[in-house]
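Written below as structure tokens is the structure these notes are about.
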Amino acid sequence: MIKRQAKVVVVGGGLAGLSAAMKICEAGIRVVLVSHQPVKRSHSVCAQGGINAAIDSKGEGDSPDIHFYDTVKGGDFLAHQPLVNDMCHQAPAIIHLMDRLGVAFNRTAEGHLEFRRFGGTLYSRTAFAGATTGQQLLYALDEQVRRYEHDGLVEKLEWHEYLGVVLDESQVCRGGVFHDLRTGALFTISADAVILATGGPGQLYGKSTGSAVCTGSAAAATYLQGAKYGNGEFIQIHPTAIPGQDKLRLMSESARGEGGRVWVPKDPKDNRNPTEIPESARYYFLEENYPLFGNLVPRDVASREIYEVVYNKGLGVGGEAMVYLDLTHKSPEFLDDRLGGILDIYEKFTGDNPKTTPMKIFPAVHYSMGGLWVDYESDGNGLIDHQSPRNQMTSIPGLYAVGEVDYQYHGANRLGANSLLSCIYSGIMMGPGVANYTKTLDKAPEDIPSSVFDQARIKWESRFKEIKSMNGKENPYSLHQELGETLLANVLIVRENKKLEKTLLKIDEIETRFGDLQCLDTSDWSNPTPSFINQLYNMIHLSRIIAKGALLRDECRGAHYKPEFEIVQPDEFDPHEYIDYLEKKSYEEVREEAFPPGHLEYMKKFEENNNHWLKSSIAVYKSNQPEISYEDVDASQVTPRPRKYN
Amino acid sequence: MKTLSKSEIQFLLLKLHSLTGIIPIGLFLVFHLGFNSLRTVGVQQYQFGIDLINNMPYLLWIEVLCIHIPILFHSFMGFYVAYQGKFNVFRYAYPRNWMYTLQRVTGGVVFLFLVYHIGTTLFPKMIEGKHLFEASPFLIGIMNEQMSTWSGRLIYLVGILSATFHFANGLWGFCISWGLLIGKDAQRNAGIAFMFVGLVLALWGVATMAAFALDPVSVEPVFSKGMSL
Amino acid sequence: MSQTVLIKIRRKDNPNAAPYWETFELPEKPFANVISCLQDIQKNPVNIGGVRVKPVVWDCNCLEEVCGSCTMVINGKVRQACAALIDPLEKPITLEPMSKFPAVRDLQVDRARMFKDLEQAHAWIDIDGTHDIGEGPAIDQETRHKAYELSQCMTCGCCLESCPQYTLDNNFLGPAVFSQARYFNMHPTGAMHKDKRLEPLMKEGGIANCGNAQNCAAVCPKHIPLTESIAEIGRQTTFHLIKKLFVE
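Following this line, the structure appears as structure tokens:
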């Protein structure tokens, strides 16, 4: 008997998509790699700072267990622990693999990998390749996939967009519907499995650190077809971005990792050149408020502090909502070597030289911790069974999601330099499981009736016909901008229920106005407008998941901060007290005197809040609205406890 | 030794194009300019030099094998190479792009100049059968005549400047193409040094021209036909 | 009254259509770049004659000059549109698609040839497999520094657009590929398959077709020492040829 060669469609050519494609090819399975653009131009190139692995090359006593603890704690305990644990234990092997692929990582004098410190940890755990680590990792994977392309195992379909999944009568994924962005043709591809590695939804906010293709459209389209969407409300705001017209360019956390200090003039009216402002007139608010972690507090904390300083204390730079990120105390040679690339970017897009003038920065939307719900299978020892077909599978059988588009690994907040790791880890980890899934399938794609595919195609053909016939008054690009401004104003760092309710009404209004759009260009050849209108439709639905999830979650967790529901931590509180408290509680009634005054009350409130809210929010599409329910989180290894970084 | 494929032969030919520009053509140019500069010392010395060469054994073979065939090969390949490119120096007016453009332009100019130069010196000499000691008065006569008119002087000035530039810049290109000059600074410094070499060669040639133009003396054969040394 | 900026764009509806120029007048905004102007045209696609037209089509992605997508010819020179701030540009601004690649539409071109050429040049490292077999080879800091300079090539096409030897219809590989071959030949594992990368560079359209105009290094947005790579590949291929002719 000739064994049939399985075929898997991978949508997206960033780190997650390419690593999945590479691993699956290695198993001898054919891969069709679909990408909106040449894969080498994927958004992963924007990641600057580095990738985490607890290799402990500096003898600091770091270990994968500590990396695991930092990640879970950084994510406010909302991540499923077996996955995070497995990722952190695989991290050293992943760095070594990437090193073998030729990534030009920075080196020590002895020629080994160099590591630096990043936010949310006390250890030097971040491997880096100059200031373009994401680009370098992506290129290495792109090269390996090109090698498989050369060998005929990969077929690339660049300039193609994923529109939706093809489901058979038992709701199993049998392929996808694709849009040729050059010819405008719509067609289906049948496959044993489809993997979505389509990245994050930064474009929802109009301006973010995301790339132009990061619309979240693929995830939303899949949600509209019945897939579960998890933790949508957790959107990471990066504390340091460069203001701009077309996008907010990232200033990497490595700028702080290499000694960058964040400050504002103590006097908001101080209009002096920043280099002329003496130390005594500067307010180093992160260093003062968090003596232990200083400028390297996690991103949610840093963003909130900047927000607090600018909006509640009325400080800023020259009357504008910005703070300084200062590297001028470091030598130009040091900065060139360690941060060259990102400092060039700053100079290029602002005209100021960050080696001599402090940079002006402000927080910007950066990463979605939430995404398509995906499954996993624990091996019973707190790690992952790498052979399980369940790993990374969405709620639609045969449809997988990986990378930023999934909702795993980062909980309520992502630590710096963990995104590159989670993308490559999950892409590689899922490989064997996907291969096993293709072996267990009852039917080959050829055995599925062609009507299943025809119906899917016809549905999309009529949808695009409908879009092209739109002849109303609204401009789709302007409507998109309005959606972005709404989310920026109301679903950002500090969230209030009143504003969130209004946001949902505004989204309804935008959906109504969507019906009055004008399709500005109805030609077939290389016409992005109909495609964008379809994306906008998806973005409207995705923004609803985020806003509604945020409205319903009445607590503060990670990136989701609602002052109305903040449980204020006593100043002298030590997180270990909480572990004590839980232990004591299991034997007897805990007495007030066992802890410093106010602490027990705080811990009870905290426990109660966790019992209620330490759950993933799951959105399901029902009658044009996201219906949100809550799922327990596997917190079996590290007991969730209050976070403290000072 | 392996046999080469068709495309490898093309590669080899392009490499040889670069090489022949230096050896033997470039060497010949240096020798030729240097030798002719004897005219600046005096016409007798110059005549002595020409007589020396014209009495060399196997002269024709040497000329054909070491000069004419390499020049023809280099020219043919040069036109092929120039044909492949598309000038864009007005859009990207960088110094090196100017050099690239001038290299191709001067190549063409030198080719035309050589047609003229050989056609008015070597060819009449051969056609009229002026050999051994008869050649020098004949050639000196031609040069005196050519250097007496402004048009002749202009043609030679353009020819000499083009040839020396083409050689100096070609030397630089050769060093890169064969991988002798790698670093950015090394390339820049060598570029300057080679241009200096070119300038010296050009001055050498112009000085010889000036000697002919300022003092057009004709000479008699040292020995007449049929006599030997 | 607020300032406006004039942008002249060379448009083309499809690969077979005739190109035409269209001018747009846009409000000038602080920190605007060519991309934000094109985005403004999308939001109000009306040309200077007041005629409603189809929005201009162009490629872009990262908008921070690391993806290479938005390369176009701005005021006569090839560069990334995202890094082209409006303020310092001479007005009116002209935008043209690159001329060395097949036209797609408006400012879009098809750079597939660049990726195909990378495949030809064996631009990857042949690893045994992705399973965990420990650390990679140790690499000294100087080599890694050089390698990093080369590895930042984003396949944007600037070098090829400015290269007088690279044309729409020839098969010259061009500086980007030469530099990538050098990059992989520098790596301890990559060097084991050096010859596989040199052979394609010695074919028609290979390194010998370089004319040393050196525009590539002058326009490279990442300041990659492409001319050094060309010379280094010149050396490697020379040795390889000599080895082939006289040693093997």
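Line order of the protein sequences matches chains S, B and E. Final position of the first sequence in this note's numbering is 1257; the numbers increase by one with none missing. Final position of the second sequence in this note's numbering is 235; the numbers increase by one with none missing. Final position of the third sequence in this note's numbering is 594; the numbers increase by one with none missing. C-beta atoms are modelled at their ideal positions from N, C-alpha and C, and glycine is treated no differently.
Local conformation of residue i per DSSP, three classes
| i | result |
| --- | --- |
| S819 (chain S) | coil |
| I31 (chain B) | helix |
| R757 (chain S) | helix |
| R652 (chain S) | helix |
| T149 (chain B) | In the sequence on display, residue 149 (chain B) carries Met and not Thr. Three-state DSSP puts M149 (chain B) in a helix. |
| I917 (chain S) | helix |
| A1230 (chain S) | strand |
| M500 (chain E) | coil |
| M548 (chain E) | coil |
| S828 (chain S) | helix |
| L409 (chain E) | coil |
| C1259 (chain S) | For residue 1259 (chain S) there is no data in the structure shown, the boundaries of chain S being 612 and 1257. |
| N103 (chain B) | helix |
| S801 (chain S) | strand |
| D1017 (chain S) | strand |
| V206 (chain B) | helix |
| V976 (chain S) | strand |
| T417 (chain E) | strand |
Whole-angstrom distance between residue j and residue i, CA atom to CA atom
| i | j | result |
| --- | --- | --- |
| T799 (chain S) | H1171 (chain S) | 39 Å |
| V619 (chain S) | E637 (chain S) | 13 Å |
| G843 (chain S) | G730 (chain S) | 23 Å |
| F1143 (chain S) | M1150 (chain S) | 10 Å |
| L506 (chain E) | R425 (chain E) | 12 Å |
| Y366 (chain E) | I355 (chain E) | 8 Å |
| W984 (chain S) | E1175 (chain S) | 28 Å |
| M347 (chain E) | E1085 (chain S) | Caution applies to M347 (chain E), whose pLDDT of 42 falls short of 50 and renders its modelled position unreliable; the value that the coordinates give is listed next. Cα-Cα distance, rounded: 27 Å. |
| A1246 (chain S) | H1223 (chain S) | 14 Å |
| H678 (chain S) | V1179 (chain S) | 27 Å |
| G685 (chain S) | D486 (chain E) | 35 Å |
| L1090 (chain S) | E898 (chain S) | 41 Å |
| F41 (chain B) | F54 (chain B) | 11 Å |
| T809 (chain S) | V920 (chain S) | 35 Å |
| Q747 (chain S) | A563 (chain E) | 21 Å |
Sequence-distant residues of the same chain with beta carbon closer than 7 Å to residue i, five excluded per side
| i | result |
| --- | --- |
| P965 (chain S) | L938, L954, Y957, E958 |
| A742 (chain S) | Q659, S863, S865, L950, G951, G952, I953 |
Residues of its chain near residue i, where Cβ-Cβ distance is below 8 Å and the 5 sequence neighbours each way are ignored
| i | result |
| --- | --- |
| G176 (chain B) | S24, G27, I28, G32, Q109 |
| N561 (chain E) | C505, S508, C509, P510 |
| Y680 (chain S) | V1249 |
| L1099 (chain S) | Y816, G817, K818, V976 |
| I1121 (chain S) | L1090, E1093, L1094, T1097, I1151 |
| G158 (chain B) | E151, Q152 |
Cβ-heavy atom distance, residue i to the ligand FAD, below 7 Å
| i | result |
| --- | --- |
| V650 (chain S) | As for the ligand FAD, it is missing from this structure, which has no ligand bound. |
Whole-number beta carbon distance between residue j and residue i, since they are thought to touch under 8 Å
| i | j | result |
| --- | --- | --- |
| G625 (chain S) | S653 (chain S) | 4 Å |
| G811 (chain S) | E1015 (chain S) | 4 Å |
| L519 (chain E) | M548 (chain E) | Contact flag wrong, Cβ pair sits at about 11 Å. |
| K971 (chain S) | P854 (chain S) | 7 Å |
| M698 (chain S) | Y1018 (chain S) | No, M698 (chain S) and Y1018 (chain S) are not in contact; Cβ-Cβ is about 14 Å, not under 8 Å. |
| P443 (chain E) | D1132 (chain S) | No, P443 (chain E) and D1132 (chain S) are not in contact; Cβ-Cβ is about 18 Å, not under 8 Å. |
| S224 (chain B) | I146 (chain B) | 6 Å |
Residues near residue i by beta carbon distance below 6 Å, same chain, minus five either side
| i | result |
| --- | --- |
| A913 (chain S) | P850 |
| A832 (chain S) | G775, N1149 |
| G786 (chain S) | V777, T799, I800, S801, A802 |
| P974 (chain S) | I848, P850, S914, I917 |
Practice item. Examine the Cβ distances between the region 699-712 of chain S and the region 467-484 of chain E and report whether three or more of them are shorter than 8 Å. Key: Yes: the two stretches touch, three or more of their Cβ pairs being nearer than 8 Å.
Review point. Would you call the region 943-953 of chain S and the region 760-778 of chain S in contact, with 3 or more CB pairs under 8 Å?
Key: no
Point to revise | the region 1049-1063 of chain S contacting the region 1074-1083 of chain S, beta-carbon criterion three pairs below 8 Å | key: no
Practice item. Check whether the region 565-582 of chain E touches the region 1236-1243 of chain S, counting contact only when three or more Cβ pairs, one atom from each stretch, lie closer than 8 Å. Key: no
Check your understanding: Can we say the region 115-122 of chain B touches the region 530-540 of chain E, given the rule of at least three CB pairs closer than 8 Å?
Key -> no
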